[in-house]
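Scroll down for the structure; my scribbles are underneath it.
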Amino acid sequence: MPLYDHLKRTMDVVAAGAGLVATAPVLAASAAAVYVTMGRPIFFRQQRPGLGGEPFELIKFRTMRLSAPGQDDIGSEANRITPVGQFLRSTSLDELPTLINVLRGEMSLVGPRPLLMRYLPRYSPEQARRHEVRPGVTGWAQINGRNALSWDQKFALDVWYVDHRSLTLDLKILLGTVGKVFAREGISQSGHATMPEFMGNEDADPAAGNEADPAQKGA
1 MPLYDHLKRT MDVVAAGAGL VATAPVLAAS AAAVYVTMGR PIFFRQQRPG LGGEPFELIK
61 FRTMRLSAPG QDDIGSEANR ITPVGQFLRS TSLDELPTLI NVLRGEMSLV GPRPLLMRYL
121 PRYSPEQARR HEVRPGVTGW AQINGRNALS WDQKFALDVW YVDHRSLTLD LKILLGTVGK
181 VFAREGISQS GHATMPEFMG NEDADPAAGN EADPAQKGA
């Protein structure tokens with residue numbers, strides 16, 4: 001799909017650049033709020049798999065207090081999310097810095113959400129097809145349930161997008177995302193501040209190995 005890929009990349013660069021300029025005051029206010037309430041670092045940075053599973057550094061606003069040395073993080077993430085962090089998550093303002101990733105060509109505005117590097121060997125061959133396209137700031141799964149979905153449901157929607165992607169579908173997803181953000185739907189699963197750890201199958205204990213980082217939010 002060479003023409004689609006070219007047009008999509010052009011749209012990504014123009015929209016991400018315009019978005020960063022238009023939201024500069026919001027970015028500055030969010031950064032100041034994080035600094036005042038949590039100190040440094042202001043940004044959360046983590047290696048994520050991109051196109052073809054190649055790693056890149058994802059950038060978001062930090063939403064959690066840093067854990068104390070030796071503290072057990074499992075199950076503690078809900079206690080470490082600050083009120084400011086919760087607001088940034090519920091409004092998706094914590095995602096604004098990912099527009100930098102879009103400008104760099106590491107992400108697209110629309111595509112499967114970038115998850116964790118350690119998930120790569122846990123995917124089935126079908127699930128791994130989500131890496132046939134650049135990861136997105138938002139995606140088909142995000143407007144069809146977001147974190148309220150199971151992993152199997154989410155991956156099925158990701159692969160469906162890979163097979164049916166088009167500029168029309170991308171526009172539909174972007175418009176749908178605006179509605180979801182204002183409605184603040186699907187922020188987290190019941191009993192979890194973030195998505196449970198993906199263990200490779202639905203029979204695994206969803207709380208096992210759950211990592212306390214903003215990695216899982218908005219996945």
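Okay, so the sequence shown: first residue is 1 according to the UniProt record's numbering, each after it adds one. All C-beta atoms in this analysis are idealised placements derived from N, C-alpha and C, irrespective of residue type, glycine included.
Q) In whole angstroms, what separates the C-alpha of Q47 from that of W151? A) Numbered from 1 along the sequence shown, position 47 holds the residue referred to as residue 47. Numbered from 1 along the sequence shown, position 151 holds the residue referred to as residue 151. Whole-angstrom Cα-Cα distance: 20 Å.
Q: Determine the closest residue to L115 out of P97, P83 and F56, with distance taken between C-alpha atoms.
A: Here the question's residue 115 lines up with position 115 in the sequence shown. Of P97, P83 and F56, the residue nearest in Cα terms is F56.
Q | Spatial distance of R40 from S67 (CA atoms) | A | Taking the sequence shown and counting its residues from 1, the one referred to as residue 40 is at position 40. Taking the sequence shown and counting its residues from 1, the one referred to as residue 67 is at position 67. If you take the alpha carbons of R40 and S67, they lie about 13 Å apart.
Q: Please determine, among K180, K8, V26 and G17, the residue with the shortest C-alpha to C-alpha distance to N147.
A: Taking the first residue of the sequence shown as position 1, residue 147 is located at position 147. Sorting K180, K8, V26 and G17 by C-alpha distance to the C-alpha of N147 places K180 at the top.
Q: Measuring alpha carbon to alpha carbon, tell me which of A128, K8, F43 and S166 ends up nearest P49.
A: Taking the first residue of the sequence shown as position 1, residue 49 is located at position 49. A check of alpha carbon separations from P49 across A128, K8, F43 and S166 identifies A128 as the nearest.
Q) Quick check: the segment 88 to 97 against the segment 154 to 163, are there 3 or more CB pairs under 8 Å? A) no
Q) Going by C-alpha distance, which of R165, F198, V110 and Y161 is nearest V178? A) Here residue 178 corresponds to residue number 178 of the sequence shown, with the count starting at 1. Of the listed residues, the one whose Cα sits closest to V178 is V110.
Q: State yes or no: is the C-beta of S166 within less than 8 Å of the C-beta of Y4?
A: Walking along the sequence shown from the start, residue 166 turns up at place 166. Walking along the sequence shown from the start, residue 4 turns up at place 4. At a Cβ-Cβ threshold of 8 Å, S166 and Y4 count as neighbours.
Q | Contiguous alpha helix (DSSP H) assignments of at least 4 residues, all confined to the segment 131 to 157 | A | none
Q) Helix, strand or coil: how does DSSP classify I42 here? A) Within the sequence shown, the letter at position 42 stands for residue 42. Reduced to three states, the DSSP call for I42 is coil.
Q: Compute the distance between the beta-carbons of V84 and R130, then report whether it is under 8 Å.
A: In the sequence shown, residue 84 corresponds to position 84, counting from 1. In the sequence shown, residue 130 corresponds to position 130, counting from 1. No, these two residues do not count as a Cβ contact at 8 Å.
(Q) Tell me the rounded alpha-carbon separation between residue 220 and P2. (A) Nothing can be reported for residue 220: it is not among the residues displayed for the chain, which extend from 1 to 219.
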